[in-house]
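This report concerns only the one structure given below.
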Amino acid sequence: MLTMALLRQDPEGVKKKLHRKHFAPVEIIDYIIGLDDRRKKLQSDVDNLLAQINAASKEIGQLMAKGQREDAEAKKQAVAGLKDQLQPLQNEQTQVEQELHDELVKVPNLPADLVPDGKAAADNLVVKEGGTKPVLAQKTPHWDLIKQYDLIDFETGAKLTGSGFPLYKGKGAKLQRALIQYFLDHNTDAGYLEYIPPYMVNQASAYATGQLPDKEGQMYHITADNFYLIPTAEVPVTNIYRDTILKPAELPVKMTAYTPCFRREAGSFGADVRGLNRVHQFDKVEIVQLVDPATSYQVLDEMVAHVEKLLVDLELPYRILRLCAGDMSFNSALTYDFEVFSAAQEKWLEVSSVSNFETFQANRMKLRYKEESGKTQLLHTLNGSSLALPRIVAALLENNQTPEGIKLPKVLHRYFGSEMI
RNA sequence: GGAGAGGUGCCAGAGUGGUCGAAUGGGACGGUCUCGAAAACCGUUAUAUGGGCAACUGUACCGAGGGUUCGAAUCCCUCCCUCUCCGCCA
2 MLTMALLRQD PEGVKKKLHR KHFAPVEIID YIIGLDDRRK KLQSDVDNLL AQINAASKEI
62 GQLMAKGQRE DAEAKKQAVA GLKDQLQPLQ NEQTQVEQEL HDELVKVPNL PADLVPDGKA
122 AADNLVVKEG GTKPVLAQKT PHWDLIKQYD LIDFETGAKL TGSGFPLYKG KGAKLQRALI
182 QYFLDHNTDA GYLEYIPPYM VNQASAYATG QLPDKEGQMY HITADNFYLI PTAEVPVTNI
242 YRDTILKPAE LPVKMTAYTP CFRREAGSFG ADVRGLNRVH QFDKVEIVQL VDPATSYQVL
302 DEMVAHVEKL LVDLELPYRI LRLCAGDMSF NSALTYDFEV FSAAQEKWLE VSSVSNFETF
362 QANRMKLRYK EESGKTQLLH TLNGSSLALP RIVAALLENN QTPEGIKLPK VLHRYFGSEM
422 I
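Sequential numbering from 2 applies to the first sequence in this note's numbering.
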């Protein structure tokens, strides 16, 4: 959620940036400012009446204490009159505040200056490529390799739950465990504090990180208890600090968590969903940072480098994209996507997305810090995947296939317990 | 799941209708003292929002939401959460 202060300070600048994000109804900005004007006026009026009522009530108390009942009764009448005026104003105030809020949460975050113009994925900017694409004698796609080595049983997963719920088995299961542990170690070595959060969150949490109200349909909803299955660890982990004011000495807050992630991905179909390319439940290790606004872009670069190191060590061909304004998520000010090349499918697969949200999430969740001067300020929040597992597994299998088996990168040997599948 | 108790400021904890943004203690911060420190003493120490250049000042806020009342931390209702005991259980 953008801050009202920003909208008021530079409405035209805000509109310009929204244009870049292809957010059409920019008139809404003027409308919102108008609502805010009304809100202020109403609050003044309401506060005035309340002040009068409070003063009168105090007098009534004093009159009663002195035994001047009749004077007290007269005052009560006067207060009743004030309350009649108050009621409609308060109703309007609540309604205006509600509407203001409802409109404000529909406005996406503004793209940072670095964000390239563009509408869709094709306009994203490749800022770096690394690793080398393997030359394969045989290009068996991962879904066939999975069968061949008996790593994942999709059919039984579908029997247990539904399609898109993989049943990992044997070495397939162990590979998940190895990757998760490797990723977490990499993160905790870099100073991230490890958490195991709940895998379901309440409405307030889903709202605070921006999944609600706009992405309601993409989450699994436990209606009996009104909980949502988390689509990413970002939700519970960032919410740890919802509604808190941190001291400068506590910054930066660096957190990491492994969780399964649940996504309904309603409406997706076609070739993209084969094998591990897109599933309803998958494993992911996430990193989250809460930082001083002055440092957030430097931190973003650090996080990008941190994730990149994983891909280098996994010996996968990768590229880093700076997302264009039109392809960025609702919440983000600047996002880098990581893709690995899956050599049999001959496709780039997204395995991580690292973003700076600036104050957008912090404003929603009232996440602040107190400056030395005593002033409270919104923090910047950042997060990234380090990493999402399924597509990493797809690329590892496809890129490292040999007639003798799947050769695992060195970094995994210790975690997996052997060098080959 | 059943029974009981309770949710108050950074923490502990008082407050059961007005004089309560809230006693008291602790912590933190600033000051006095000191070569320095400790102790002692003095002071400061929520948040949101309106008005104001500011000093300052209005309003809201004692788990959340409603209600009663001229007036609610305090009374009533609903919900959420915590603790204790019982039941069940990995």
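Ideal Cβ positions, reconstructed from N, Cα and C, are used throughout, including at glycine. Computed from a predicted model, the values in this text were never measured in an experiment.
Backbone secondary structure at residue i - three-state DSSP
i	result
arginine 487	The chain is shown from 2 up to 422; residue 487 falls before or after that span and cannot be answered.
glutamine 96	helix
proline 199	coil
valine 27	coil
glutamine 290	strand
lysine 285	strand
glutamate 351	strand
leucine 137	coil
tyrosine 416	helix
leucine 168	strand
leucine 213	coil
leucine 247	strand
C-beta atoms of residue i and residue j nearer than 9 Å
i	j	result
leucine 7	valine 97	no
tyrosine 319	valine 352	yes
methionine 421	threonine 239	no
alanine 334	alanine 113	yes
isoleucine 321	tyrosine 150	no
phenylalanine 339	serine 354	yes
methionine 220	phenylalanine 283	no
lysine 140	alanine 363	no
proline 198	isoleucine 231	yes
isoleucine 54	valine 108	no
lysine 285	threonine 233	yes
asparagine 332	asparagine 110	yes
leucine 168	aspartate 186	no
arginine 40	leucine 3	no
leucine 388	alanine 179	no
aspartate 302	leucine 380	no
valine 280	proline 391	yes
glycine 385	methionine 329	no
asparagine 188	isoleucine 288	yes
leucine 99	leucine 50	It should be pointed out that residue 99 corresponds to glutamine in this sequence rather than to leucine. Against a cut-off of 9 Å, the Cβ pair of leucine 50 and glutamine 99 comes out as no contact.
leucine 350	asparagine 401	no
lysine 84	glutamate 60	no
leucine 312	glycine 192	no
glutamine 177	valine 394	yes
methionine 65	alanine 57	no
lysine 22	alanine 326	yes
Own chain, CB closer than 6 Å to residue i, minus 5 neighbours either side, in chain order
i	result
glutamine 290	Pro253, Lys255, Val300 and Leu383
alanine 138	none
alanine 396	Leu317, Val341 and Ser343
tyrosine 261	Strictly speaking, residue 261 in this sequence is proline, with tyrosine absent from that position. Excluding residues within five positions, the ones whose Cβ falls inside 6 Å are Gln282 and Asp284.
threonine 257	Asn188, Tyr193, Glu195 and Ile288
phenylalanine 361	Asn110 and Asn332
proline 142	Ala345 and Gln346
Boundaries (first-last residue) of the alpha helix (DSSP H) holding residue i
i	result
serine 297	297-314
glycine 131	That residue, glycine 131, is in no alpha helix (DSSP H); its beta strand (DSSP E) goes 126-131.
leucine 8	5-10
arginine 178	172-190
isoleucine 147	143-149
tyrosine 157	For the sequence presented, residue 157 should be read as threonine rather than tyrosine. It spans 155-161 - the alpha helix (DSSP H) in which threonine 157 sits, taken as one unbroken run.
serine 343	Segment 335-343 is the beta strand (DSSP E) holding serine 343; no alpha helix (DSSP H) there.
tyrosine 208	204-209
Limits of the unbroken beta strand (DSSP E) element including residue i
i	result
leucine 194	194-196
lysine 255	254-263
tyrosine 242	Neither: tyrosine 242 is in no beta strand (DSSP E) and is coded neither H nor E.
phenylalanine 228	228-230
tyrosine 319	319-323
Close-in-space but distant-in-sequence residues of the same chain around residue i (CB under 7 Å, 5 per side omitted)
i	result
glycine 62	none
glutamate 373	Pro249
Close beta carbons around residue i, own chain, < 8 Å, minus the five adjacent residues each side
i	result
alanine 250	none
isoleucine 246	Arg369, Tyr370, Lys371 and Thr377
lysine 170	Asp151, Leu152, Ile153 and Asp154
arginine 243	Ala205, Ser206, Ala209, Met366, Lys367 and Leu368
Check: residue i C-beta below 8 Å from any heavy atom of the ligand MN
i	result
threonine 336	Within the structure as shown, the ligand MN is missing, as the structure has no ligands at all.
Completely contained beta strand (DSSP E) runs for the region 359-412, where each covers 3 or more residues: 369-371, 377-379 and 381-389
* What alpha helix (DSSP H) runs, 4 residues minimum, are completely inside the region 19-70? -> 28-67
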